[in-house]
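Here's the structure we're looking at; comments come further down.
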Amino acid sequence: MLNSLNIEQDMAQPSNSKQLEQLEQSGKVIQVKPSTPNLPFTSRRGTFSIATDLRPQVEQHKYAIATAENFHLSNTGKIALEQLQKCWDSLEYDPFYGEKHPSCQRRRRYTEFDFNPKAGTLKPRQRVPYIQSKEMNSYAGGKVRHFGALQTDTYENPLFQDLVEYNFSLFPLEELWLDRSWICQVHIMRIVVGAGQTTAITPEGIHSDGYPFAGLHLLDRVDVVGGETTIYQLDETPLAKITFTQPLDSLWLEDRHLKHSVTDIACSHEKGSEKESRKESEKEEAGYRDLLAISFSLPDSIYSKKI
Ligand SMILES: [Fe+2]
Numbered sequence: 179m180l181n182s183l184n185i186e187q188d189m190a191q192p193s194n195s196k197q198l199e200q201l202e203q204s205g206k207v208i209q210v211k212p213s214t215p216n217l218p219f220t221s222r223r224g225t226f227s228i229a230t231d232l233r234p235q236v237e238q239h240k241y242a243i244a245t246a247e248n249f250h251l252s253n254t255g256k257i258a259l260e261q262l263q264k265c266w267d268s269l270e271y272d273p274f275y276g277e278k279h280p281s282c283q284r285r286r287r288y289t290e291f292d293f294n295p296k297a298g299t300l301k302p303r304q305r306v307p308y309i310q311s312k313e314m315n316s317y318a319g320g321k322v323r324h325f326g327a328l329q330t331d332t333y334e335n336p337l338f339q340d341l342v343e344y345n346f347s348l349f350p351l352e353e354l355w356l357d358r359s360w361i362c363q364v365h366i367m368r369i370v371v372g373a374g375q376t377t378a379i380t381p382e383g384i385h386s387d388g389y390p391f392a393g394l395h396l397l398d399r400v401d402v403v404g405g406e407t408t409i410y411q412l413d414e415t416p417l418a419k420i421t422f423t424q425p426l427d428s429l430w431l432e433d434r435h436l437k438h439s440v441t442d443i444a445c446s447h448e449k450g451s452e453k454e455s456r457k458e459s460e461k462e463e464a465g466y467r468d469l470l471a472i473s474f475s476l477p478d479s480i481y482s483k484k485i
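Numbers given in the numbering used here equal positions in the sequence shown, counted from 1, plus 178.
Here it is in C-alpha cells:
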C-alpha cells in the first residue's frame, strides 16, 4: 500500500504484470472503468496537492487509504491545519456516548451542508438532529441526537474546504451526478481518555454508517495508544487494518458497501501528561483522538443515506 502507515491488507494486490495476467486468467480480476485523470490533484484553495491518484483504488476496492505523507501541504495549508486543529478544543459534550468514568467522554459537532461539486462551495443547511436506526447503530440508534453545529472558523477554513472538495473527487460518480446539489454531512469528534483509562471508539461494534461515500481524517492524537481501524466486506470478512497516527492520515470508503470498526483507545500515561504546552484542564484528561468525518449523500436517489 502507500507507505509507512500501519496498514495490513488481506486483499492480494498484483505486484507485476505476470501476476496480473495470471489473475486475469483465473477470473479474479475485477475490470473497472478507467478513471478520468486526476493526477496530480492540486486543491482549489492551494492548501495541498496529492501526487497519488486514489480513484482507481476506490473504484476497484470501494475504499482507499492515504497517509499524512501523501498530502503535500503548502505554507497556507500548514497554517490552515494548525487553525483547524484548534477547532477541536471547543466541541460540545456528547451525552449519547457516556462512559462510566467521567474522564472518558466524546465531544462533537455536526452540520449538514449543501455542496455544489462544480463550484466546490459549501452552504450550511438548516440544523437537524442526527438520527440512525437501531439496525444501523445498536448502541446509539433509535435516538434523536442533537449536536452543536460546526462553527464558522471550522467550515470556512481553506484546508477543510479543500478536503471536502478532494473527498468528493474520489467518489466514483458518472458526470451527470456532478450537476446536482449534494448533502455533505460533517461530524467532528474528540474522544477523550482519562489517565489510566480505556474507552471505546465504536461501542456499536462492526458497523456501517450508511453513507454512499465517506472520508475520515485524523486531525490530532495526543497521549493515546490503540485505535486500530478494520475495514470489512459486508459479510464481515476483514479487508484492511489501519491505525491513524499522524494528522491527515486518511481513509475513504463507499460506506454502504462495507463495514468498519475501531479498537478501544487507552491513555498512554498512568497519570495526566506533564507536557508544558497543555492547558491545566487537559492534564487531567490525559489523552485524546480527534477525527474529521466528511460524508456525501443525495436523498431520493440511488445515493441516499441508509438510515
Ligand atoms: Fe462508523
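Glycine residues also receive a C-beta, built at the ideal position from the N, C-alpha and C atoms.
Simplified DSSP state of residue i, which is helix, strand or coil
i: A378; result: coil
i: N294; result: strand
i: C282; result: coil
i: G393; result: strand
i: L251; result: strand
i: S482; result: coil
i: E406; result: strand
i: K206; result: Summary for K206: the model assigns pLDDT 40, below 50, so the residue's position carries little reliability; its value from the coordinates is reported in the next sentence. K206: coil per DSSP, three-state reduction.
i: E270; result: strand
i: D387; result: coil
i: V322; result: strand
i: F422; result: coil
i: K312; result: coil
i: D398; result: strand
i: F349; result: coil
i: P336; result: helix
i: V306; result: coil
i: Q238; result: helix
i: Q363; result: strand
i: H447; result: coil
i: T230; result: coil
i: L262; result: helix
i: T330; result: helix
i: L476; result: coil
Check whether residue i and residue j have beta carbons under 7 Å apart
i: S281; j: Q375; result: yes
i: R284; j: F325; result: no
i: Q411; j: A246; result: no
i: V400; j: S446; result: no
i: L431; j: Y241; result: yes
i: V512; j: T380; result: Past the edges of the chain, shown from 179 to 485, lies residue 512, and the structure says nothing about it.
i: Q384; j: K437; result: The sequence given here places Ile at residue 384; Gln does not occur at that position. In contact: I384 and K437 (Cβ atoms closer than 7 Å).
i: I480; j: N345; result: no
i: L337; j: A244; result: no
i: L269; j: R368; result: yes
i: G465; j: V371; result: yes
i: D340; j: S221; result: yes
i: V488; j: T299; result: Residue 488 cannot be examined here, being either before or after the span of the chain that is shown, 179 to 485.
i: G405; j: I443; result: yes
i: Y389; j: D357; result: no
i: D331; j: D398; result: no
i: F274; j: A229; result: no
Residue i CB to nearest heavy atom of ligand 1 below 6 Å
i: D272; result: no
i: D401; result: no
i: D442; result: no
i: D468; result: no
i: D387; result: yes
In DSSP terms, what residue i is bridged to
i: I243; result: L429
i: D468; result: R368, D398
i: Y344; result: Answer by DSSP bridge pairing: none, since Y344 is not bridged.
i: H438; result: H385, I409
i: R287; result: I366
i: L300; result: F293
Whole-number beta carbon distance between residue j and residue i, since they are thought to touch under 8 Å
i: C362; j: F474; result: 6 Å
i: R233; j: L348; result: 6 Å
i: S252; j: N294; result: Contact doesn't hold; Cβ gap of about 24 Å is too wide.
i: S316; j: E414; result: Their Cβ separation, rounded to whole angstroms, is 14 Å, which puts S316 and E414 out of contact at 8 Å.
i: L394; j: L426; result: Contact doesn't hold; Cβ gap of about 11 Å is too wide.
i: F291; j: R305; result: Rounded, the Cβ-Cβ distance is 11 Å, inconsistent with contact.
i: P416; j: V236; result: Contact flag wrong, Cβ pair sits at about 18 Å.
Cutoff 7 Å: residue i Cβ touching any chain D Cβ
i: L251; result: Here there is only one protein chain, and chain D is not present.
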